[in-house]
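Visitor: Below is the structure I would like to discuss, written out as structure tokens.
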Amino acid sequence: MSNAQGIGAAVKRKEDRRFLVGKGQYTDDVTLPNQSYAVFVRSPYGHAKVNGVDAKAALAAPGVLAVLTGADVAADGLGGIPCGWLVKSKDGSPMVEPPHPALAQGKVRHVGDPVAMVIASTKAAAKAAAALVEVDYEPLPAVGLLANAIVPGAPQVWDEAPGNVCFDWHIGDPATTDAAFAKAAHVVELDLVNNRVAPNPMEPRAANGNFDGANDQYTLYTTSQNPHLTRLLLAAFTLKVPEHKLRVIAPDVGGGFGSKIFHYAEELLVLWASRRVGRPVKWTSDRMEAFQTDAHGRDHISNAKLALDASGKFLGLRVHTYAAMGAYLSTFAPAVPTYLYATLLSGPYDFPAIYAEVKAIFTNTVAVDAYRGAGRPEATYLLERLVEKAARQLGMDRVELRRKNLIRADQFPYQTQVALQYDIGDYQATLDLALKEANYAGYAARAAASQANGKLRGFGMSTYIEACGIAPSALVGALGARAGLYEAANVRVHPTGSVTVFTGTHSHGQGHETTFAQLIADRLGVSTDQVEVVHGDTDRIPFGMGTYGSRSASVGGSAIVKALDKIVDKGKKIAAHLLEASVADIEFKDGQYRVVGTDRVKAFGEVAFAAYVPHNYPIETVEPGLEESAFYDPKNFTFPGGTHLVEVEIDPDTGVVEVASVTIADDVGVIINPMIVDGQAHGGLAQGIGQALLEEAVYDAEGQLTNGTYMGYCMPRAADLPNFKVGNHVTACTHNPLGIKGVGEVGAIGVPPAVINAVLDALAPLGVTDISMPATPEKVWRAIQAAKAGKGA
Amino acid sequence: MPKLTLSVNGQPRTIDCANATLLVEALREHLGLTGTHVGCDSSQCGACTVHVDGRSVKSCTMLAVEAEGAAITTIEGLATGGALHPMQAAFKEHHGLQCGFCTPGMVMSACDLAARNAAPSEGEVRQWLEGNLCRCTGYHNIVKAVRAGAGDMNGGK
Numbered sequence: 007m008s009n010a011q012g013i014g015a016a017v018k019r020k021e022d023r024r025f026l027v028g029k030g031q032y033t034d035d036v037t038l039p040n041q042s043y044a045v046f047v048r049s050p051y052g053h054a055k056v057n058g059v060d061a062k063a064a065l066a067a068p069g070v071l072a073v074l075t076g077a078d079v080a081a082d083g084l085g086g087i088p089c090g091w092l093v094k095s096k097d098g099s100p101m102v103e104p105p106h107p108a109l110a111q112g113k114v115r116h117v118g119d120p121v122a123m124v125i126a127s128t129k130a131a132a133k134a135a136a137a138l139v140e141v142d143y144e145p146l147p148a149v150g151l152l153a154n155a156i157v158p159g160a161p162q163v164w165d166e167a168p169g170n171v172c173f174d175w176h177i178g179d180p181a182t183t184d185a186a187f188a189k190a191a192h193v194v195e196l197d198l199v200n201n202r203v204a205p206n207p208m209e210p211r212a213a214n215g216n217f218d219g220a221n222d223q224y225t226l227y228t229t230s231q232n233p234h235l236t237r238l239l240l241a242a243f244t245l246k247v248p249e250h251k252l253r254v255i256a257p258d259v260g261g262g263f264g265s266k267i268f269h270y271a272e273e274l275l276v277l278w279a280s281r282r283v284g285r286p287v288k289w290t291s292d293r294m295e296a297f298q299t300d301a302h303g304r305d306h307i308s309n310a311k312l313a314l315d316a317s318g319k320f321l322g323l324r325v326h327t328y329a330a331m332g333a334y335l336s337t338f339a340p341a342v343p344t345y346l347y348a349t350l351l352s353g354p355y356d357f358p359a360i361y362a363e364v365k366a367i368f369t370n371t372v373a374v375d376a377y378r379g380a381g382r383p384e385a386t387y388l389l390e391r392l393v394e395k396a397a398r399q400l401g402m403d404r405v406e407l408r409r410k411n412l413i414r415a416d417q418f419p420y421q422t423q424v425a426l427q428y429d430i431g432d433y434q435a436t437l438d439l440a441l442k443e444a445n446y447a448g449y450a451a452r453a454a455a456s457q458a459n460g461k462l463r464g465f466g467m468s469t470y471i472e473a474c475g476i477a478p479s480a481l482v483g484a485l486g487a488r489a490g491l492y493e494a495a496n497v498r499v500h501p502t503g504s505v506t507v508f509t510g511t512h513s514h515g516q517g518h519e520t521t522f523a524q525l526i527a528d529r530l531g532v533s534t535d536q537v538e539v540v541h542g543d544t545d546r547i548p549f550g551m552g553t554y555g556s557r558s559a560s561v562g563g564s565a566i567v568k569a570l571d572k573i574v575d576k577g578k579k580i581a582a583h584l585l586e587a588s589v590a591d592i593e594f595k596d597g598q599y600r601v602v603g604t605d606r607v608k609a610f611g612e613v614a615f616a617a618y619v620p621h622n623y624p625i626e627t628v629e630p631g632l633e634e635s636a637f638y639d640p641k642n643f644t645f646p647g648g649t650h651l652v653e654v655e656i657d658p659d660t661g662v663v664e665v666a667s668v669t670i671a672d673d674v675g676v677i678i679n680p681m682i683v684d685g686q687a688h689g690g691l692a693q694g695i696g697q698a699l700l701e702e703a704v705y706d707a708e709g710q711l712t713n714g715t716y717m718g719y720c721m722p723r724a725a726d727l728p729n730f731k732v733g734n735h736v737t738a739c740t741h742n743p744l745g746i747k748g749v750g751e752v753g754a755i756g757v758p759p760a761v762i763n764a765v766l767d768a769l770a771p772l773g774v775t776d777i778s779m780p781a782t783p784e785k786v787w788r789a790i791q792a793a794k795a796g797k798g799a
Numbered sequence: 024m025p026k027l028t029l030s031v032n033g034q035p036r037t038i039d040c041a042n043a044t045l046l047v048e049a050l051r052e053h054l055g056l057t058g059t060h061v062g063c064d065s066s067q068c069g070a071c072t073v074h075v076d077g078r079s080v081k082s083c084t085m086l087a088v089e090a091e092g093a094a095i096t097t098i099e100g101l102a103t104g105g106a107l108h109p110m111q112a113a114f115k116e117h118h119g120l121q122c123g124f125c126t127p128g129m130v131m132s133a134c135d136l137a138a139r140n141a142a143p144s145e146g147e148v149r150q151w152l153e154g155n156l157c158r159c160t161g162y163h164n165i166v167k168a169v170r171a172g173a174g175d176m177n178g179g180k
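First to last, the protein sequences are chains W and D.
If you count the first sequence from 1, you need to add 6 to reach this note's numbering.
If you count the second sequence from 1, you need to add 23 to reach this note's numbering.
In structure tokens form, the structure reads like this:
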């Protein structure tokens, strides 16, 4: 480290102060002059015809400015909400891509589907008037559950999607996989459900749209993880005004976890409504609305078969998955159960053959799209439950079975049977580190102690891999992405040597203002206090694809590094002139340009000043100023991986599962700020444990969301979780300049199967062989009772 | 419309608001104190926690008119001068916040705990925070921060 605040330093966060003193600026905190407020009238049915909307009483209510419906949306020519990824079926046909009008036209297809928008001068007036809007619904047969949607004769969400199939896709080689199973000594089979969860960032979504008619200019404040993508979709598809007339600002955003990636109808509607009523229009979701309208995550039903030889070596894997899409295709929905799920099914293992089929299915529910991990948790859960079952079925040690099949460190780069090529990793090292840190050797004694206390103790593990920084653009384009997946950065060195960095990534908790400042500090030798990181405003930042898929440091950081390289190179030319030396003889180190091998130096600040006050300057060959931009398009995904170990203690009388310990060892590549990296791991673990033990968004057969409040949906609370033991073993990513892989999602990906494997390990002596997520006390207690009854019979 | 008189962060304030106005709405919309957040509609998340006469209260669960004559402290009123309050400083020191949305409520709730219990155990902190949801941190660093902040508030520095 060339700087005590540079790469590797646990620098305290620059952004903390404003949050701690209550001066964060979230979208709902922005109130514009002459502000008006929108409230939506939403479908209470999973599926219904809308025969009419009577807004007369609402329009007559005090303070009401307008009531807008699907007919107005159609009359004004607003575009439908587009899907950003086209997946083709096995037979080459494109996925069924139904229309998604911003306000319902003729039919509603999930609870929460917006039917009318009421705009009033106060939020209370809008709310009161919304209750006066009379919608004539004619309920239709609905299908709220994935399991029901795939049954012949199920109600149809879309006429154009027979059997509710959006696409029927596959990957891998069926013939080699069949051959692998034909010669297998053992076949292990598992049916699995990956439970539907709601992302639940603590800040509900909000949008504030302002149309400035005098300048024909639109401004949108929105809770977005990627304001440029929102602007692109608004410009090209929905609002249909050009980018230069459209400014999207995502100010402080209170968590996202995927759910704020997507372009939502409300973002379009507040801008459009502002044009209609001539005032800024603000909408803020309440929590119940968030449950009904934020895209959910997971919701898979799978069958998996693992073929092994007599020694326990993996020969092949065959997977069939049904993945719920919800009623409409959200921005990245089709990519999640395909390119972010099935391509990960080799895990960290050396598999000679894999074949996976994925059917995407419409249901009368809110959309399912990327949620922390997005596809990779589903792949990891399937694989690690299956491997654990194999160990039990074959009577092999769970650690040794994994160790035997892990890709060895000398096998990289490793080409999987499902398209990905892993550049580097050391899965044995993270396995060893985790086992050591968890004192695995002492487990038997801990289990005995639990037993002595009348508790059942279980140990569970998962060895996992994930893929971050989805790229390169040309590849994802060939796979159906309708956007590029590069990142942009602009580095502006000011005349007195301080620096402003404009990044196309977006921070909504990840600490970019600190991490990227450290990058600048490291490269330019300045203090992090001299660096300002700007994000979240399309008028200030050249371009960007935003933050998701753990891409900010590996992709966004690399773009910053490219821009910094240009700054340093330009500075060399200026320094060479000032030092009367040849450019080839100038080196830059620790914030100084030096004539190699001499004590002749110019500080970075002096060079910056010369660039802006070019009195003594190589003006014929070098432009004044010191500001550079760069775009970075990665060569490949990055591949973090590791081992997660969980111990649980179960009270057999109540079924309550206590998470006794969580020990993880990850390889997330080079770490800029270990404090922030550990914090990211902690948050992911909490969401992963939440999915495993507490959380499920439960629709009933008719598409009613039965637990869409915090009274019904069990969010992890402080007392539900233990402290986490987090370790790292670094192998540097080989294809980006920083060697970074990504950490945002590892916890949510690795830990759910480790939790369930631990629960099953604890219950195994009773004869329990399966339990589904979330393993609630009721479910565990029933499993114990059923096992006891079975044994007694 | 009732006229409400109360003290907010040490300043006497008068607010004209409807009977149905919640305390959090009065703070955010009438006084512009947007540091107090609304994260749910069922008094579960605690992002709106403020102090009413020194005790932590979920301001989404109290009518503004119920605060007549009360002394309210919000997150904006915690720090004095330029320095962070010890609990705020502890959250920064221990990385007890990420997106910052739950943070004001967490800090206000933690201060109330520290006033009642100078040296809370890990378990006591976790139990106390049952009314405050955080989706970012997994609580690990919040628990550390609250214990450290309680110590600092009670002269442990």
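Backbone N, C-alpha and C fix where the C-beta goes; we use that ideal spot for every residue, glycine too.
Indicate the three-state DSSP secondary structure (helix, strand or coil) for W/K365 in the structure shown.
Guide: To locate residue 365 of chain W, count along the first sequence from 1; it is residue 359. Strand.
Visitor: So W/K578 and W/V589 are supposed to be a Cβ contact under 8 Å. How far apart are they, rounded?
Guide: Taking the first residue of the first sequence as position 1, residue 578 of chain W is located at position 572. Taking the first residue of the first sequence as position 1, residue 589 of chain W is located at position 583. Yes, they are in contact, since the Cβ atoms of W/K578 and W/V589 sit about 5 Å apart, within 8 Å.
Visitor: Which of the three DSSP states, helix, strand or coil, is assigned to W/H176?
Guide: Indexing the first sequence from 1 puts residue 176 of chain W at position 170. Of the three classes helix, strand and coil, the one that applies to W/H176 here is strand, per DSSP.
Visitor: From D/D64 to D/C71, what distance separates their C-alpha atoms?
Guide: As a first step, residue 64 of chain D is located in the second sequence; it is residue number 41 there, counting from the start. As a first step, residue 71 of chain D is located in the second sequence; it is residue number 48 there, counting from the start. One C-alpha to the other measures close to 11 Å.
Visitor: Comparing the C-beta of D/R158 with each C-beta of chain W, is any distance below 7 Å?
Guide: In the second sequence, the residue the question calls residue 158 of chain D occupies position 135. So, interface residue.
Visitor: Could you list which residues in chain W have their beta carbon closer than 9 Å to that of D/L46, in chain order?
Guide: Here the question's residue 46 of chain D lines up with position 23 in the second sequence. Residues of chain W passing the Cβ test: none, with the nearest at roughly 15 Å.
Visitor: Near W/T422, which residues of its chain fall below 6 Å by C-beta distance, leaving aside the five closest residues on each side in sequence?
Guide: Translated into positions along the first sequence, residue 422 of chain W becomes position 416. The answer, listed in chain order, is S352.
Visitor: Classify W/T509 as helix, strand or coil using the three-state DSSP reduction.
Guide: Working through the first sequence from its first residue, we reach residue 509 of chain W at position 503. The answer is strand: DSSP assigns W/T509 an E or B state.
Visitor: For W/G675, which three-state DSSP category applies?
Guide: Against the first sequence, residue 675 of chain W aligns to sequence position 669. Of the three classes helix, strand and coil, the one that applies to W/G675 here is strand, per DSSP.
Visitor: Would you decide whether W/G796 is buried or exposed? Buried here means 16 or more other CB atoms lie within 10 Å of its CB.
Guide: Here residue 796 of chain W refers to the residue found at position 790 of the first sequence. Under this definition W/G796 is an exposed residue.
Visitor: Ordered along the chain, which non-local residues of its own chain (more than five positions away) have a Cβ less than 7 Å from that of W/A809?
Guide: Beyond the ends of chain W as shown, which are 7 and 799, falls residue 809 of chain W; an answer cannot be given.
Visitor: May I have the straight-line CA-CA distance separating W/V864 from W/L109, to the nearest angstrom?
Guide: The first residue shown for chain W is 7 and the last is 799, placing residue 864 of chain W beyond what the model contains.
Visitor: Roughly how many angstroms lie between the CA atoms of W/T37 and D/N32, to the nearest whole one?
Guide: Locating residue 37 of chain W in the first sequence gives position 31, counting from the first residue. Locating residue 32 of chain D in the second sequence gives position 9, counting from the first residue. Spanning the two alpha carbons is a distance of roughly 22 Å.
Visitor: Output, in chain order, the set of chain W residues within a Cβ distance shorter than 8 Å of D/V166.
Guide: The residue given as residue 166 of chain D occupies position 143 in the second sequence. Neighbours of D/V166 on chain W, chain order: A724, N729.
Visitor: Could you tell me which chain D residues have their CB closer than 9 Å to the CB of W/T715, listed as they occur along the chain?
Guide: By one-based count along the first sequence, residue 715 of chain W stands at place 709. What W/T715 touches in chain D: C63, D64, S65, Q67.
Visitor: Could you please tell me which residues of the segment 687-698 of chain W, in chain order, have their CB closer than 7 Å to any CB of chain D?
Guide: Going along the segment 687-698 of chain W in chain order, one finds H688, G689, L691, A692 with a Cβ nearer than 7 Å to chain D.
Visitor: When the distance is taken between beta carbons, is W/R48 closer than 7 Å to W/G118?
Guide: Working through the first sequence from its first residue, we reach residue 118 of chain W at position 112. Working through the first sequence from its first residue, we reach residue 48 of chain W at position 42. Contact: yes.
Visitor: Is DSSP giving W/F357 helix, strand or coil here?
Guide: Within the first sequence, residue 357 of chain W is the residue found at index 351, counting from 1. In the structure shown, W/F357 sits in coil (DSSP, three-state: anything other than H, G, I, E or B).
Visitor: Threshold first: 3 residues or longer. Then list the beta strand (DSSP E) segments lying entirely within the segment 13-91 of chain W, N to C.
Guide: Entirely contained in the segment 13-91 of chain W, the beta strand (DSSP E) runs reaching 3 residues are, in chain order, 42-48, 54-60, 70-75.
Visitor: Could you tell me which chain D residues have their CB closer than 7 Å to the CB of W/G685, listed as they occur along the chain?
Guide: Along the first sequence, read from residue 1 onward, the residue named residue 685 of chain W stands at position 679. Within chain D, the residues near W/G685 are H118, Q121, T160, N164.
Visitor: Quick check on W/E472: does DSSP put it in helix, strand or coil?
Guide: The residue labelled residue 472 of chain W in the question sits at position 466 within the first sequence. Reduced to three states, the DSSP call for W/E472 is coil.
Visitor: Any heavy atom of the ligand ATP closer than 6 Å to the Cβ of W/L152?
Guide: This structure lacks the ligand ATP, and indeed carries no ligand of any kind.
Visitor: Quick one: does W/M779 have its CB under 7 Å from some CB of chain D?
Guide: Stepping through the first sequence from its first residue, residue 779 of chain W is reached at position 773. Not closer than 7 Å to any Cβ of chain D, the Cβ of W/M779 fails to qualify, so no.
Visitor: For the beta strand (DSSP E) containing W/Y345, name the first residue and the last one.
Guide: Start at 1 with the first residue of the first sequence, and residue 345 of chain W comes out as number 339. Segment: none, W/Y345 is in no beta strand (DSSP E) and carries neither H nor E.
Visitor: For W/F610 and W/L525, which I take to be in contact (beta-carbon distance under 8 Å), what is that distance rounded to the nearest angstrom?
Guide: Residue 610 of chain W sits at position 604 when you count from the first residue of the first sequence. Residue 525 of chain W sits at position 519 when you count from the first residue of the first sequence. So it is not a contact: roughly 15 Å between Cβ atoms.
Visitor: Using a C-beta cutoff of 7 Å, does D/N126 count as contacting chain W?
Guide: Numbered from 1 along the second sequence, position 103 holds the residue referred to as residue 126 of chain D. For the record, residue 126 of chain D in the displayed sequence is Thr; it is not Asn. Yes, D/T126 counts as interfacial toward chain W.
Visitor: From the beta carbon of D/G58, is the nearest beta carbon of chain W less than 7 Å away?
Guide: Position 35 of the second sequence, counted from the start, is the residue given in the question as residue 58 of chain D. By this cut-off, D/G58 is an interface position.
Visitor: Tell me the start and end of each unbroken alpha helix (DSSP H) in the segment 99-177 of chain W that is at least 4 residues and wholly inside, in chain order.
Guide: Runs of the alpha helix (DSSP H) inside the segment 99-177 of chain W: 129-136, 152-155.
Visitor: Using a Cβ cut-off of 8 Å, pull out every chain D residue sitting near W/N206, in sequence order please.
Guide: For the purposes of this step, residue 206 of chain W is identified with residue 200 of the first sequence, where counting begins at 1. Residues of chain D passing the Cβ test: R158.
Visitor: Could you check the C-alpha separation between W/M7 and W/D528 for me, to the nearest Å?
Guide: As a working mapping, residue 7 of chain W is identified with position 1 in the first sequence. As a working mapping, residue 528 of chain W is identified with position 522 in the first sequence. With a pLDDT of only 42 at W/M7, under the threshold of 50, the placement of this residue in the model should not be trusted; the figure read from the coordinates follows. In a straight line, the C-alpha of W/M7 is about 7 Å away from that of W/D528.
Visitor: What residues are listed by DSSP as bridge partners for W/H192?
Guide: Your numbering for residue 192 of chain W matches position 186 in the first sequence. Beta-bridge pairing links W/H192 to W/L314.
Visitor: Any idea if W/G58 is buried or exposed, counting beta-carbon neighbours within 10 angstroms, 16 or more meaning buried?
Guide: Here residue 58 of chain W refers to the residue found at position 52 of the first sequence. It counts as exposed.
Visitor: Taking just the CA atoms, how far does W/G756 sit from W/M721?
Guide: Position 715 of the first sequence, counting from 1, holds the residue named residue 721 of chain W. Position 750 of the first sequence, counting from 1, holds the residue named residue 756 of chain W. Roughly 19 Å separates the two Cα atoms.
Visitor: When DSSP labels each residue in this structure, what does W/D218 get in the three-state scheme?
Guide: Within the first sequence, numbered from 1, the residue matching residue 218 of chain W stands at position 212. If DSSP states are grouped into helix, strand and coil, W/D218 belongs with the strands.
Visitor: Keeping to the same chain, check which residues put their C-beta closer than 7 Å to that of W/T469; ignore five residues upstream and five downstream.
Guide: As a working note, residue 469 of chain W is residue 463 in the first sequence. Excluding residues within five positions, the ones whose Cβ falls inside 7 Å are P354, R408, L412, Y433, L437, T649.
Visitor: Give every residue of the same chain whose Cβ lies closer than 7 Å to the Cβ of D/Q111, excluding the five residues on either side of it in the sequence, and list them in chain order.
Guide: Working through the second sequence from its first residue, we reach residue 111 of chain D at position 88. The answer, listed in chain order, is L101, A102, V130.
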